[in-house]
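Asker: Shown below is the structure under consideration.
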Amino acid sequence: MSEIRGLVFPGGFTYGDYLGSGVIFSFIVRTGIESALFNFIEKKGKILGICNGFQILVRLSILPFPGEKPSVSLEVNASQRFECRWVPIIKNDALLGNFDELPNKFFLPVAHLEGRVAFSGTEALERVLEKGQAAFFYGVEKPSMKYSENPNGSQNGIAGISDPTGSILGLMPHPERILDFRQYPFGPEGFKEPVGVSFMRCFFKLLEE
Amino acid sequence: MSPRRDDIWKRIVNFKKGMPVNLDLMESAKFCGNNYLAKIVEGRVYLVKGLSEREYEETRDFVFCNPLTEELFEDKLPDWDGDIVEIAYLPGVMDPVALTLEKILGDYFKKSIEVETRRLYLLEGPFNREDAVKKYLSNPIIEEQVIPGSFRENKGKFHKAVINRFNIESKTSKELMDISKNMTLSLNAEEMIKIQEYFTLSKKSPTDAELETIAQTWSEHCVHKTLRGEFRFESETIDNLLKSTIFRATLEIGRPDCISVFNDNAGIVSIDGEYAYCVKVETHNHPSALEPYGGAGTGLGGVVRDILGTGLGAKPVASLDVFCTGRPDTDYSCLPEGTLHPRRILKGVVSGVRDYGNRIGVPTLCGALITDDRFICNPLVFAGCVGIMPVKAAQKSAKPGDKIILMGGETGRDGLHGATFSSAALDTESEKKSQGSVQIGNPIEEKKIIEAVIRIRDEELLNAVTDCGAGGLSSAVGEMGSDTGALVRLENVPLKYEYIAPWEIWLSESQERMVIAVPLENVDRVFEICDEEQTNVSVIGEFNNSGKLEVYHYEEKIVDLDMKFLHEGVPRKLIESKRKTIPDSAVFPEETNLQMILYELLSLPDIGSKEWIIRQYDHQVQGKTVTGPFSGSKQKSHSDGASFIADYGRKEQLAVGLGINVNIGEFDCYKMAYFSIEEALRNLICSGGNPGKAVLLDNFSWGSSEDAEAMGDLVLACKACRDASLNYGTPFISGKDSLNNTYKSGEKTLSIPPTLLITSVSVKETISPENSFSVPGDYIYVIGPDPKGIRGSCLTKILKKDCGETPEIIPDISRKVLFETYNNLSAFSSIHDVSEGGTAVCLAEMSLGSGFGADVKIPDCLDTVDFMYSESPSRFVATTGLPDMEKKMHGVFIRKIGVVTEDPVLKIKTKRGCMEFNIKEMERAYFSAKI
Chain A
1 MSEIRGLVFP GGFTYGDYLG SGVIFSFIVR TGIESALFNF IEKKGKILGI CNGFQILVRL
61 SILPFPGEKP SVSLEVNASQ RFECRWVPII KNDALLGNFD ELPNKFFLPV AHLEGRVAFS
121 GTEALERVLE KGQAAFFYGV EKPSMKYSEN PNGSQNGIAG ISDPTGSILG LMPHPERILD
181 FRQYPFGPEG FKEPVGVSFM RCFFKLLEE
Chain B
1 MSPRRDDIWK RIVNFKKGMP VNLDLMESAK FCGNNYLAKI VEGRVYLVKG LSEREYEETR
61 DFVFCNPLTE ELFEDKLPDW DGDIVEIAYL PGVMDPVALT LEKILGDYFK KSIEVETRRL
121 YLLEGPFNRE DAVKKYLSNP IIEEQVIPGS FRENKGKFHK AVINRFNIES KTSKELMDIS
181 KNMTLSLNAE EMIKIQEYFT LSKKSPTDAE LETIAQTWSE HCVHKTLRGE FRFESETIDN
241 LLKSTIFRAT LEIGRPDCIS VFNDNAGIVS IDGEYAYCVK VETHNHPSAL EPYGGAGTGL
301 GGVVRDILGT GLGAKPVASL DVFCTGRPDT DYSCLPEGTL HPRRILKGVV SGVRDYGNRI
361 GVPTLCGALI TDDRFICNPL VFAGCVGIMP VKAAQKSAKP GDKIILMGGE TGRDGLHGAT
421 FSSAALDTES EKKSQGSVQI GNPIEEKKII EAVIRIRDEE LLNAVTDCGA GGLSSAVGEM
481 GSDTGALVRL ENVPLKYEYI APWEIWLSES QERMVIAVPL ENVDRVFEIC DEEQTNVSVI
541 GEFNNSGKLE VYHYEEKIVD LDMKFLHEGV PRKLIESKRK TIPDSAVFPE ETNLQMILYE
601 LLSLPDIGSK EWIIRQYDHQ VQGKTVTGPF SGSKQKSHSD GASFIADYGR KEQLAVGLGI
661 NVNIGEFDCY KMAYFSIEEA LRNLICSGGN PGKAVLLDNF SWGSSEDAEA MGDLVLACKA
721 CRDASLNYGT PFISGKDSLN NTYKSGEKTL SIPPTLLITS VSVKETISPE NSFSVPGDYI
781 YVIGPDPKGI RGSCLTKILK KDCGETPEII PDISRKVLFE TYNNLSAFSS IHDVSEGGTA
841 VCLAEMSLGS GFGADVKIPD CLDTVDFMYS ESPSRFVATT GLPDMEKKMH GVFIRKIGVV
901 TEDPVLKIKT KRGCMEFNIK EMERAYFSAK I
């Protein structure tokens, strides 16, 4: 792990998400490399979790507050169904200093059954909002609770969460699926490159810190 | 509390905190006639053996429960005043959750752990237990009700079975048929006599394994004996229908890029001489009728393995699914005995595809839904897959000396008789007879074998690969070794449980298994790769020069057959066929409200939004999807077809278009097939596919092969396939047929209508226009001949009245329209094909996708009904800013009919006035069909 600068937990049904999303994979991480992983986090190692990766980070209690008692879970969508659709995303750049190349508003695809951000209490939610840890919201103009802008009923329209330092980021939408303009059905909005390309570029830039 | 001993079952029940009601199940209960239930709450049950109390506590909050949102009941039932129902899998049914848990916990604690999963239902309010268990809480084909809180010892253990030999030498034809029936061999008298002759000549008595092997190899499912048979049709004798129509057209067209047609699991087409794609579409009808979830899931799993087993292995990159079922609003009391309600079938097949496709990470890109009462007893499930491979991996052949390696899941008694069962008709007893031929899949195992096979291919370690599908090892090894010979030792096959008869190991269709032929020197490396991918692997025999198929179980030889007899011995089938008589049609009822018809059409499940299905499929996983299933800036309408980037690091795109038209088949199966091919190509063009480089696949799902009229329809459809294929220059590269989709209920035999699914695939070399209006102010054109004829259209389906004439197709004009449209694709801002529901539905869909309206005037020379609702072929609606498209597309019928408007209203001006359709109202209709 000492050689590694960044870690990505990508999407994908790890172990079929049997027993719940990311449950078995996070068990394997926990029983295999937990201490190495927390060392990495302590040294400000950068971590990105997308979809199933986000679910795993939450389940390991790396997000929103690494090492604290779990305070968030990703629950079954409010629609009770798997949702594969484009959603409007709003960036919150409070902690995402290095994501300035990413537009403030754009669309991304989601594809998940368990993506509803649910806080165990108001205290954790308030802390996350206050510290700017809610990195992405669902919504067109402002964070939305309206289906299907908010595809899963996430609290306060939260689509992605970072840790208090901005080194660890997890989100349900899939930026890595939009690496080509032809894949974007909303017409050119003056972006100089596909959203997914900007996103990954920002993450890689973060690694150079 | 005394410490728990490891060999006692620990019982864990997991509920969501607050015990929320399962609304989905409540709705199902209501639909099954129970309006009085107040609550159904669902809990997950884990029975675990082998964990100490300390070990359990160490894992509890990380594996069995999320303490934030879930609560556990350990070794006790929840306090509940109402009723409790517990559902367990029948012994031997795949339980992927249990398998995964056993592996993970076993690896961690380094010991053997046993797990069983169940479901617990808490119910409040009056209900009929038997009814509930059968209709909405479980499926008795794979599950059973158990005493809540109970344990079952000897999970999946069976009595040891022996090898049976049959003395058939002196048996009469009737006695032979009894054997065929009792063993579910689905062989006819002529075939049984041929077998009798073979064994008499070789002075042997056949074993059960030998009879089963022959039955599987000779089954309709594996050898297509009807389509390859000799047809009498009117004054004609057609020798091998398939060869003389569809194959012949492919040969005549002779496209050099089609590098493997009709001889592998899937047809293979070269993209650029270095890289190729392959496509296969399968039917999985019978299993889906009985267990929709497992049937559709394993159907998709099967076709994905077909692709994986093509050539030396292709990587699955996209899949498609088409369902034909009864109407979801069918009255429960109208269902024939032994059939599942269409709603339940639909729910099941959709979740089956969702759970399998999403979990293996292959995008489900396109599909269709056809609802018709004639599919109530025999619903159809088509599953297709596209794969990518290097051209040099397109050919395979097992060499003598190669080791036969089996990889993937363990073998059990699940899935016996799949090939023979699926070749026979269904009846009220099928439910009982078929136990075992219906299975649940394990997509995670499939994902592992995909990774392993592709690595083995890339390291060039194998000479051949094929999947274990229908017939299991018997057909996989039998096929691979048909030119050489093979010797198999069944004791080396990894088993799920000990007590299983040798013939069952040989015939088992346990899912997620592949067979590969590997030279001895590569075996160790193959084992290493499989180990890294965490999948089972074992050498189970060797290919040789014997020309024989020999199978041993320890010292006992259970199969000893000549490959030649096995693969060429099946007697030719003679099929009587005739043209069906078509009743006269009535006159179109003039009083019909043409405005209301559009709303009714939009709310048909076949036409209306399939969002409720499609949103559950991941259609963007792998990140290569370009044109997904939805269209327009609002993503509210459907795309004509799909397109995707062929593979990472490559520029080429592939496009897929489907065509299916059941309604018109009632009157003319020649037109049905021709129209379907033409529709598939138009869908392909609308997605940017090049028709000049397109290939086709056929999937026939038909009625009984004993029914002369059904067979007459088949002859006509095959002839149309030949004619259309030649007309457009698009060869068929692969196909599949599923016959005998009939259902015997008492004296009555119900049959499905002739159903042909056409899949077209091609490379995509341009940027395709939108399939919805995209630029207000653009002119709207109809390209193609003026529409005429409404017989067999969705309009008549709604009117429930057979009226009018069937539309005509003029091959020359159709070809010209298709190719000219493709050549001018870049001039259009949007394009959509005119098919189900006619031009009116086409315009409505184009409005729905983006929210823009249209101002359209029906040309004076055209009949309003024909213009709006005729489904006559060869037509597109396209928009462009160019006011003189007529001049650019010379030699093709094209009419300007209106303009795209910002105003969200579709206006259609007729001779008598103007019909206005508000988009909001159309949306209400379009999104009304869902379950």
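Residue numbers (my numbering), protein chains in the order written: chain A, 1 to 209; chain B, 1 to 931.
All residues carry an ideal CB built from backbone N, CA and C; glycine is no exception.
None of the values given here were measured: they were computed from a predicted structure.
Around the C-beta of B/D584, are 16 or more other C-beta atoms found within 10 angstroms, so that it is buried, or is it exposed?
Answerer: Taking the first residue of the second sequence as 1, we reach residue 584 of chain B at position 584. Label assigned to B/D584: exposed.
Asker: Please report the straight-line C-alpha distance between B/N326 and B/E747, rounded to a whole angstrom.
Answerer: On the second sequence, position 326 is the one that residue 326 of chain B refers to. On the second sequence, position 747 is the one that residue 747 of chain B refers to. Going by the sequence as given, residue 326 of chain B is Gly instead of Asn. If I take the Cα positions, the gap works out to 21 Å.
Asker: According to DSSP, simplified to helix, strand and coil, what is B/H159?
Answerer: The sequence position of residue 159 of chain B within the second sequence is 159, counting from 1. Here B/H159 scores only 47 on pLDDT, less than 50, and its place in the model is too uncertain to base an answer on.
Asker: Which residue's Cα is closest to the Cα of B/D306: B/G43, B/V41, B/E282?
Answerer: Indexing the second sequence from 1 puts residue 306 of chain B at position 306. With distances taken between Cα atoms, B/D306 lies closest to B/E282.
Asker: At a Cβ cut of 9 Å, what residues of the segment 778-812 of chain B count as close to chain A, listed as they run along the chain?
Answerer: Within the segment 778-812 of chain B, no residue has a Cβ that lies closer than 9 Å to any Cβ of chain A.
Asker: With contact counted as at least three CB pairs below 8 Å, one residue from each stretch, are the segment 8-24 of chain A and the segment 54-67 of chain A in contact?
Answerer: Flag = yes, the segment 8-24 of chain A and the segment 54-67 of chain A touch.
Asker: Considering just the uninterrupted stretch of the alpha helix (DSSP H) at B/D458, what are its terminal residues?
Answerer: Looking up residue 458 of chain B in the second sequence gives position 458. Per DSSP, B/D458 belongs to the alpha helix (DSSP H) from 443-458.
Asker: How about the segment 524-541 of chain B and the segment 477-493 of chain B: do they share at least three Cβ pairs that are nearer than 8 Å?
Answerer: Result yes; three or more Cβ-Cβ pairs closer than 8 Å.
Asker: Would you kindly work out how many angstroms separate the C-alpha atoms of B/L25 and B/G295, rounded to a whole number?
Answerer: As a first step, residue 25 of chain B must be located in the second sequence, where it is residue number 25. As a first step, residue 295 of chain B must be located in the second sequence, where it is residue number 295. For B/L25 and B/G295, the distance between alpha carbons rounds to 21 Å.
Asker: If we ignore side chains and look at the alpha-carbon of each, how far apart do B/F840 and B/K788 end up?
Answerer: The count along the second sequence starts at 1 and reaches residue 840 of chain B at position 840. The count along the second sequence starts at 1 and reaches residue 788 of chain B at position 788. Note on identity: in this sequence residue 840 of chain B is Ala, with Phe being the wrong assignment. C-alpha separation (whole angstroms): 14 Å.
Asker: Could you spell out the range, first to last residue, of the alpha helix (DSSP H) harbouring B/Y670?
Answerer: Along the second sequence, read from residue 1 onward, the residue named residue 670 of chain B stands at position 670. From DSSP, the alpha helix (DSSP H) with B/Y670 extends over 669-686.
Asker: Please list, in chain order, the chain B residues whose beta carbon lies closer than 7 Å to that of A/A111.
Answerer: Along the first sequence, one-based indexing puts residue 111 of chain A at 111. Going along chain B in sequence order, the residues near A/A111 (Cβ under 7 Å) are D618, Q620, V621.
Asker: Taking DSSP as the reference, what is the three-state secondary structure of B/A383?
Answerer: For the purposes of this step, residue 383 of chain B is identified with residue 383 of the second sequence, where counting begins at 1. Reduced to three states, the DSSP call for B/A383 is strand.
Asker: Enumerate in chain order the residues of its own chain whose CB-to-CB distance from A/V87 is below 8 Å, with the five nearest sequence positions on each side excluded.
Answerer: Residue mapping note: residue 87 of chain A aligns to position 87 of the first sequence, counting from 1. Answer for A/V87: F107, L108, P109, V110, Y138, S148, E149, N150, P151, A159, P173, listed in chain order.
Asker: Hey, B/G632 and B/I758: beta-carbon distance below 8 Å or not?
Answerer: Locating residue 632 of chain B in the second sequence gives position 632, where the first residue counts as 1. Locating residue 758 of chain B in the second sequence gives position 758, where the first residue counts as 1. In this structure, B/I758 does not lie closer than 8 Å to B/G632 by Cβ.
Asker: Going by alpha carbons, who is nearest to A/A78 out of A/L60, A/S71, A/L113, A/F40?
Answerer: Within the first sequence, residue 78 of chain A is the residue found at index 78, counting from 1. Closest by alpha carbon: A/L113.
Asker: Find the nearest neighbour of B/V269 within the set B/S639, B/P731, B/L406, judged by alpha-carbon distance.
Answerer: Reading the second sequence from its first residue, position 269 is the one you call residue 269 of chain B. Residue B/P731 is the option with its Cα nearest to B/V269.
Asker: Would you mind working out which of B/R165, B/E114, B/D83 sits nearest B/S11, comparing C-alpha positions?
Answerer: Taking the second sequence and counting its residues from 1, one reaches residue 11 of chain B at position 11. Sequence check: residue 11 of chain B is Arg here, not Ser. Checked all of B/R165, B/E114, B/D83; the closest Cα to B/R11 is B/E114.
Asker: Considering only residues of the same chain and omitting the five flanking positions on each side of B/S701, which have a CB-CB separation below 7 Å?
Answerer: Residue 701 of chain B sits at position 701 when you count from the first residue of the second sequence. Counting only Cβ-Cβ distances below 7 Å, and skipping sequence neighbours, we find T283, N285, L380, S738, N741, I752, T755.
Asker: Assuming the contact rule is C-beta atoms closer than 8 Å, B/P502 and B/I179 should be a hit. Round their C-beta distance to whole Å, please.
Answerer: As a working mapping, residue 502 of chain B is identified with position 502 in the second sequence. As a working mapping, residue 179 of chain B is identified with position 179 in the second sequence. That pair is no contact at about 19 Å.
Asker: With DSSP as the reference, identify every bridge partner of B/V817, one or two as the case may be.
Answerer: Along the second sequence, read from residue 1 onward, the residue named residue 817 of chain B stands at position 817. Its beta-bridge partners do not exist; DSSP assigns none.
Asker: Please report the distance separating the alpha-carbon of B/F667 from that of A/R201.
Answerer: Taking the first residue of the second sequence as 1, we reach residue 667 of chain B at position 667. Taking the first residue of the first sequence as 1, we reach residue 201 of chain A at position 201. C-alpha separation (whole angstroms): 59 Å.
Asker: Please list the partners that B/Q511 has in chain A, where partner means a Cβ-to-Cβ separation under 9 Å.
Answerer: For this step, residue 511 of chain B is matched to residue 511 along the second sequence. Chain A residues near B/Q511: none, gap ~14 Å exceeds 9 Å.
Asker: Taking DSSP as the reference, what is the three-state secondary structure of B/R4?
Answerer: Counting from 1 along the second sequence, the entry for residue 4 of chain B is found at position 4. The pLDDT assigned to B/R4 is 48, lower than 50, so where the model puts this residue is not dependable, and the model offers no usable value.
Asker: Secondary structure at B/W9, three-state DSSP: helix, strand or coil?
Answerer: Along the second sequence, one-based indexing puts residue 9 of chain B at 9. Looking at B/W9 - three-state DSSP - the assignment turns out to be coil, as it is neither helix nor strand.
Asker: Report yes or no: is there a C-beta of chain B within less than 8 Å of the C-beta of A/R81?
Answerer: Position 81 of the first sequence holds residue 81 of chain A. Closer than 8 Å: yes.
Asker: Nearer than 7 Å: is that true of the beta carbon of B/V539 relative to any heavy atom of the ligand FAD?
Answerer: As far as ligands go, the structure on display features none, and thus does not contain the ligand FAD.
Asker: Should B/R304 go down as buried or exposed, given a rule of 16 or more other Cβ atoms within 10 Å for buried?
Answerer: Counting from 1 along the second sequence, the entry for residue 304 of chain B is found at position 304. Reading off the sequence, residue 304 of chain B comes out as Val, not Arg. With 16 or more Cβ atoms within 10 Å of its Cβ, B/V304 is classed as buried.
Asker: Please list the partners that A/Q55 has in chain B, where partner means a Cβ-to-Cβ separation under 7 Å.
Answerer: Counted from its first residue, the first sequence places residue 55 of chain A at position 55. What A/Q55 touches in chain B: nothing, since even the nearest Cβ is about 11 Å away.
Asker: Would you call B/C530 buried or exposed, if buried means 16 or more other Cβ atoms sit within 10 Å of its Cβ?
Answerer: In the second sequence, counting from the first residue as 1, residue 530 of chain B sits at position 530. Buried.
Asker: Using alpha carbons as the reference points, say which of B/D355, B/L72, B/N139, B/T245 lies closest to B/G299.
Answerer: Residue numbering aside, residue 299 of chain B sits at position 299 when the second sequence is read from its first letter. That would be B/D355, whose Cα lies nearest to the Cα of B/G299.
Asker: Beta-carbon of A/P185 versus every beta-carbon of chain B: anything under 8 Å?
Answerer: Position 185 of the first sequence, counting from 1, holds the residue named residue 185 of chain A. Taking Cβ atoms only, chain B reaches closer than 8 Å to A/P185, which makes this a yes.
Asker: Are there 16 or more other CB atoms within 10 angstroms of the CB of B/L51, so buried, or fewer, so exposed?
Answerer: Translated into the one-based positions of the second sequence, residue 51 of chain B becomes position 51. B/L51 comes out buried.
Asker: Between which two residues does the beta strand (DSSP E) containing B/H832 stretch?
Answerer: Looking up residue 832 of chain B in the second sequence gives position 832. Segment 830-833, the beta strand (DSSP E) holding B/H832.
Asker: So, under 8 Å CB-CB, B/C721 and B/I246 are touching, yes? Tell me the CB distance rounded to an integer number of Å.
Answerer: On the second sequence, residue 721 of chain B is found 721 positions in, with the first residue counted as 1. On the second sequence, residue 246 of chain B is found 246 positions in, with the first residue counted as 1. Contact flag correct, Cβ pair sits at about 5 Å.
Asker: What does the Cβ neighbour count give for B/E212, buried or exposed, with the cut at 16 atoms within 10 Å?
Answerer: Here residue 212 of chain B is taken as the residue at index 212 of the second sequence, counted from 1. When all chains shown are included, B/E212 counts as buried.
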